[in-house]
Structures are given as C-alpha cells and as structure tokens.
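No gaps in the numbering here: position 362 of the sequence shown is 362 in the numbering used here, and each next residue is one more.
Cβ atoms here follow ideal geometry from the backbone N, Cα and C, with glycine treated the same way.
Only a predicted model underlies this, so the values are computations on that prediction, with no experimental measurement involved.
Inspection log for the structure reproduced underneath, given as structure tokens.
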Amino acid sequence: WRTDIGFDKKMPWGMIGTFDFMYNRDLDGIYYINANLPAAQSAFVGADSRLRWVGLSCTNPTPGPCVNRINNAIGNVVARNIVMKNQSIGRAWNIDGSLERPFANGMFLKAAYNYGIAKNTIDPGSIASGSWNGNPQSGDPNNPGLSYSANSPGHRFFIATSYRKEYFSFGATTLSLFFDAHTNGNTSFTFANDMNGDGVTNDLIYIPRNVSEMNFQSFAVGTRTFTPAEQAAAWESFIQQDDYLKSHRGQYAQRFAVFLPLVKRADFSIQQELFTDFARRRNSFQVRADIVNVGNLLNRHWGIGQRILGGNGQILTNAAADALGRATYRLKVVNGELINKTFEPTAGRADVFEIQLGFRYTFN
C-alpha cells in the first residue's frame, strides 16, 4: 500500500513552498524461517535471559542445531532449510518540505529538509539463506519482529544556490553551491560470534542497567591481560558516551537502530561561457570547474563521514554461557586497547575533495 500526499504553494516574497508526505505498508511482505531449526532447548540465566539452542548438532552444511523436518535424508543432513513466508507488518513513512526563491537578477536559492523511517522484519538479499543468517535478532530468529530497515533514511537537509550573470552580450559566468547534510547510514550492536547457539552469528547485545549486570571473561592479548573489572569499567564508560546505549539500558539493542552521525559536505562549481551567433545559430564554449566536497579543500577535518570504530558494530566478542548459565563475553579490542568510543572517521573517496574540469562546445 502506497500513499503520497503533496502540494506546492506560492508564498509571500516570491517563494514557492513544497510539502510531501509518503506512507507505505506491506500487505504481503516477506520474511524467512529456518524450517529445520527446533524450538530452543534452554535459556540464559540472569539479566540477559534470551533463548539458547544446545545439542541436536548437525554437520552438513555447517554445524548447528537442526531437526529432521525437510530434506534431511540420511547422509545429507540439512541444518538450514530456509522457507519464505508472508507478514504484513512492514511499513515506512517519509516527510519533506522545501522553500525555493528564483530571483530576477539570475540568482536562485532553495532549501529542503527530509526525514523518514522504514521498518520491516528482514532486509532480503540475493539468496534466502544469507537473508536469514544475516538478520540481527535477540530472540527467535524465525520470528524476528518489527525493527528498523537497513535502508531507513533518517535525516537529510540541503541548501542549493546559484547565480548567473551575463555581460557584454557574449559571455556569462555561473556560480553554484550545494550543501548537504544527511544520516550516514545505520547499523546494529551485535556479538562477534554465535552467542545463542542457533548456528548463525547475528545476535544483538543486551545493554546492562549497570555494572552488576555485566559478566566479562578475563583474556590476554600478547602480554596484556584484560581483567573482568577493567572491561566492566571500560564498557560502562563506552555506554555513557553513546547516546543510543545509555538511553536503552536494560533492553536488547534493536536491529539497525544505531544511526550514524550526519555527514556534511558541500560542492562548488564555477562555469564560464562564451557565446555568439554564427550562421543564425547560437554557438557557445563553456569551461567548468567542479570542486566536490569543497569544505575538505578548506579544512582537512571537514566533509568527513563517521563509522563504528573498528568497522562494525560487533563490540562484544567470544560470547558463551558460564558454569551458571549466564551470558559471558569479552569487550572488543581495537589497536591493542579496549574500545572506548563509538565512532571513528571514514577514509574513502567521498571524504576527500576532488576537482573536475569540463569543456563543452554547443551549437544549435
């Protein structure tokens, strides 16, 4: 079901206002189950009391719990038999508005803001098995529930302006600037291994209320040993500096609910045009220079995006059950130290400035 409502309106001082609202809902959306996954045989003890799968291990195609339901012929045991089913709970909405003002002297100005949320049960990929395996969850992977889509857009704001000036009847100069700020994607906080024993690495973390709900393992990296107390202190400090974690204590992290900070970039262009009439046709020669991410040219700290430190949201590792059945784990180590902040700068082509030169000759 798709609904789109919008209008344009002339406003005072020559401005044009635009408003749009879009709402989508799945009538027959898809999700996947592993038909050979049995019901959980156990659960963790303590604050993180999620389901556990133990025993019933199959060896083909990969180790993991399974039952003899579909295509489990002797000698060809299938641990994951993925079946597509329908649900009707996925939905998305998007709202945006803009103001623009063309001026008689060749100047143009436009500003716009957009915000949207998309939620579903799964973001399907190219194959069913990968779609089920890669769907982060904290409970039954065959009933993932509604959460954010990996394509949930978040915020976007932009300003576009240009100015064109003709002179001497044979030339014109155009200056343009485009500034954009948008949510740089979203991700999930998960364990770095199969925490609940269902055969796949896609388990969302539990966010402890306080240090008493943490249960770290001691471990060594080279000659350095990280004690449970040291990890608990570092984890508490990490939670306090992260807006999402500190506002969801005592809860399981949601799928794709961690939105990356806004990335802010500007592009600038200058175009010089020479024109004349020849054989009753307009002939023009243009030289254009575009500076992509011009802010980074002015300051090397501008125009850079951010990502989760270490490249992914797997901030707890080596998850298992201790002798009492409680969830136990380690805190992620980055560059030889316990992780201490959520984000780090990205380092891709979009994070640096580029200068492009173009030449064009037109006749018509």
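Of the residues Gly116, Ile95 and Ile89, the one whose Cα lies closest to the Cα of Thr18 is Ile95.
According to the DSSP assignment, Ala111 belongs to the beta strand (DSSP E) that extends over Met107 to Asn120. In its chain, beyond the 5 residues on either side, Ala289 have a beta carbon closer than 6 Å to the beta carbon of Leu357. In the DSSP assignment, Lys10 falls outside any alpha helix (DSSP H) and within the unbroken beta strand (DSSP E) covering Arg2 to Lys10. Contact between Glu100 and Lys85 is ruled out by a C-beta separation of about 46 Å, above the 8 Å threshold. According to DSSP, Thr174 shares a beta bridge with Arg164 and Gln271. Note that the C-beta distance between Asn202 and Gln137 is below 8 Å. Gln254 sits buried, since 16 or more C-beta atoms from the chains shown fall within 10 Å of its C-beta. By the 16-neighbour rule on beta-carbons within 10 angstroms, Phe363 is exposed.
In the structure shown, the three-state DSSP call for Leu146 is coil. Burial is judged here by how many other beta carbons sit within 10 angstroms of a residue's own beta carbon; Pro144 has at least 16 and is buried. For Ala257, the closest alpha carbon among the candidates Arg265, Asp242 and Ile291 is that of Asp242. Annotation: the continuous beta strand (DSSP E) that includes Ala92 extends over Arg91 to Pro102.
Counting only the Cα atoms, Phe216 lies some 8 Å from Ala229. Per the C-alpha coordinates, the member of His248, Ile270 and Glu354 positioned closest to Asn210 is His248. Its Cα nearest to that of Phe238, the residue Asn340 stands out among Asn340, Phe179, Ala79 and Leu309.
Residue pairing by DSSP places Ala320 opposite Thr328 in a beta bridge. The beta carbon of Asn283 sits closer than 8 Å to the beta carbons of Phe275, Thr276, Asp277, Tyr361, Thr362 and Phe363 from its chain, once the five residues preceding and following it are set aside; these are given in chain order. Pairing Leu316 with Ala192 gives a Cβ-Cβ distance under 8 Å. Note on Met195: 16 or more other CB atoms within 10 angstroms of its CB, so buried under the neighbour-count rule. Residue pairing by DSSP places Gln356 opposite Asp290 in a beta bridge. In the structure shown, Phe179 falls within a strand segment according to DSSP collapsed to helix, strand and coil.
In the assembly as shown, Asp8 is an exposed residue. Its beta-carbon has fewer than 16 other beta-carbons within 10 Å. With respect to the 8 Å criterion, Asn120 and Arg80 are not classified as neighbours on the basis of their beta carbons. In this structure, the straight-line span from the alpha carbon of Ala279 to that of Gly106 is close to 28 Å. Taking one beta carbon from each stretch, the stretch 157–168 and the stretch 127–137 have fewer than 3 pairs nearer than 8 Å; the two do not touch. Close CB contacts of Asp28 within its chain, under the 7 Å cut and outside five residues either way in sequence, are with Asn86 and Ser88 (chain order).
Membership of Glu344 in the beta strand (DSSP E) is indicated by the continuous run Phe343 to Pro345. When secondary structure is reduced to three states using DSSP, Pro136 falls in the coil class, being assigned neither helix nor strand.
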